[in-house]
DNA sequence: TCTGGGGTCCTAGGACCC
DNA sequence: TCTGGGGTCCTAGGACCC
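Numbering (UniProt numbering), first residue to last: 1 to 389.
Below, the structure written as structure tokens:
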């Protein structure tokens with residue numbers, strides 16, 4: 001989906017169309033916008049100018065991107081680049097509603113859909129009637145049109161022989177574009193790209209590649225496989241080689257079970273375990289209650305309880321502990337997470353606290369944990385990335 | 001410019017078991 | 001006397017993604 005959060009907000013506030021708008025932050029000051037309702041005059045919207053706080057941008061409209069602001073940028077910096085931009089708080093419930101909506105439109109047309117978060121999916125066109133016409137372009141157009149007519153939202157589609165290439169192709173023609181990428185176009189359309197464009201090559205891997213003089217996927221493709229194995233490890237090296245050659249055998253996965261659920265929060269200022277004891281204790285309890293509520297609402301229990309801290313210097317530590325039996329009880333989660341907390345250095349101030357429950361098991365009709373589903377022989381599960389090659 | 005929240009997967013060492 | 005070869009589970013950290 002194109003600038004998903006921002007686009008959903010523009011449906012609600014059409015008077016903002018064409019203006020630089022950023023979504024982010026939360027809480028502080030901007031809540032009044034929502035309370036005021038959709039009739040708000042332009043002057044009444046909060047601006048980025050003078051923003052103080054720790055938020056980041058989650059989404060920026062294309063008009064705002066002209067000013068160099070974009071996802072993950074701190075709001076304080078964004079305020080300097082584009083002070084006149086309108087700042088709206090994140091309304092995740094609303095985005096989830098539209099997410100469910102556009103996904104249901106897709107599965108009505110093409111049932112094999114893999115969920116990749118609120119604003120992204122993979123779709124298997126292979127056996128959809130008409131899925132092969134014009135290399136998939138006709139079906140892509142139908143999906144785009146159906147979503148737009150129902151919701152008013154635009155999306156960009158990449159059509160390719162596999163997920164790796166489709167994801168890259170989807171970036172070629174944004175917003176509201178379609179790109180059909182054929183295998184024989186690898187040299188001309190993929191190899192000139194930066195390695196960073198590959199889903200799975202992040203900042204660290206990119207840095208290391210550049211240090212070896214590898215900038216583009218063409219550079220990467222020319223390195224001998226064995227050289228990559230030697231420098232990047234058996235699994236990752238082999239995967240890098242396959243990626244550079246546009247090869248990816250992962251199927252589109254339509255069903256999956258959650259592995260963990262967590263809640264975390266960044267404080268408005270760094271806190272100290274001793275000096276801010278009361279405040280921290282309250283936040284900690286709330287986090288445990290929220291995770292427990294999430295688990296209960298979705299029908300899961302978990303055995304591994306963990307905490308996460310981010311110190312003032314941004315270092316992250318985690319501690320966890322596995323219980324004999326899975327739980328979704330706030331008090332037990334809080335007690336166990338409390339023990340975990342005792343094992344970390346609490347002399348230093350920290351900015352974030354999180355609580356996580358892993359080792360999830362779904363609750364059955366009887367209210368008892370289901371035995372973990374055995375991989376069925378009829379439909380073998382996808383091989384893990386490192387087992388592919 | 002001091003950098004959110006919610007996830008997944010991988011690695012690696014140690015405990016423990018047969 | 002200086003010592004195996006699996007396997008699984010637990011824990012901590014880190015890369016990466018939306």
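Glycine included, each C-beta is placed from N, C-alpha and C at the ideal position.
In the DSSP annotation of this structure, the continuous segment of the beta strand (DSSP E) that includes residue 308 starts and ends at 300-311. If you draw a straight line from the Cα of residue 285 to the Cα of residue 94, it comes to about 27 Å.
Between residue 270 and residue 312, the gap from beta carbon to beta carbon is short of 8 Å.
Nearest to residue 89 by alpha-carbon distance, out of 255, 60, 113, 150, is 60. For the segment 33-82, the continuous alpha helix (DSSP H) assignments of 4+ residues that do not extend past its boundaries occur at 62-65, 75-81, in sequence order. Distance from the Cα of residue 123 is smallest, within the candidate group 167, 80, 83, 265, for 167. Residue environment: residue 136 is assigned as buried (16 or more neighbouring CB atoms within 10 Å of its CB, all protein chains considered). Nearest to residue 85 by C-alpha distance, out of 6, 304, 337, is 6. Per DSSP, reduced to three states, the secondary structure at residue 156 is coil, with no helix or strand assignment.
At a Cβ-Cβ threshold of 8 Å, residue 20 and residue 67 count as neighbours. In the DSSP assignment, residue 242 falls within the unbroken alpha helix (DSSP H) covering 234-244. If you look at residue 151, you'll find it in the alpha helix (DSSP H) that goes 137-151.
For residue 203, the secondary structure class from DSSP, reduced to helix, strand or coil, is helix. Residue 104: member of the alpha helix (DSSP H) spanning 92-109, first to last residue. Under the DSSP definition of a beta bridge, residue 362 partners with 300. Straight-line measurement puts the Cα of residue 327 at about 9 Å from the Cα of residue 361. Counting every other CB atom within 10 Å of its CB across the protein chains shown gives residue 368 a total below 16, marking it as exposed. In the three-state reduction of the DSSP assignment, residue 13 falls in the coil class, being assigned neither a helical nor a strand state.
With a contact defined as Cβ atoms closer than 8 Å, residue 267 and residue 309 miss out at about 11 Å.
Secondary structure of residue 257 (DSSP, three-state): coil.
Per DSSP, reduced to three states, the secondary structure at residue 336 is helical.
Between the C-alpha atoms of residue 288 and residue 333 there is a straight-line separation of about 6 Å.
Residue 219 and residue 187 have their C-alpha atoms roughly 11 Å apart. The alpha-carbon separation between residue 263 and residue 293 amounts to approximately 11 Å. When secondary structure is reduced to three states using DSSP, residue 115 falls in the strand class. In this structure, the CA atom of residue 206 is about 44 Å from the CA atom of residue 364.
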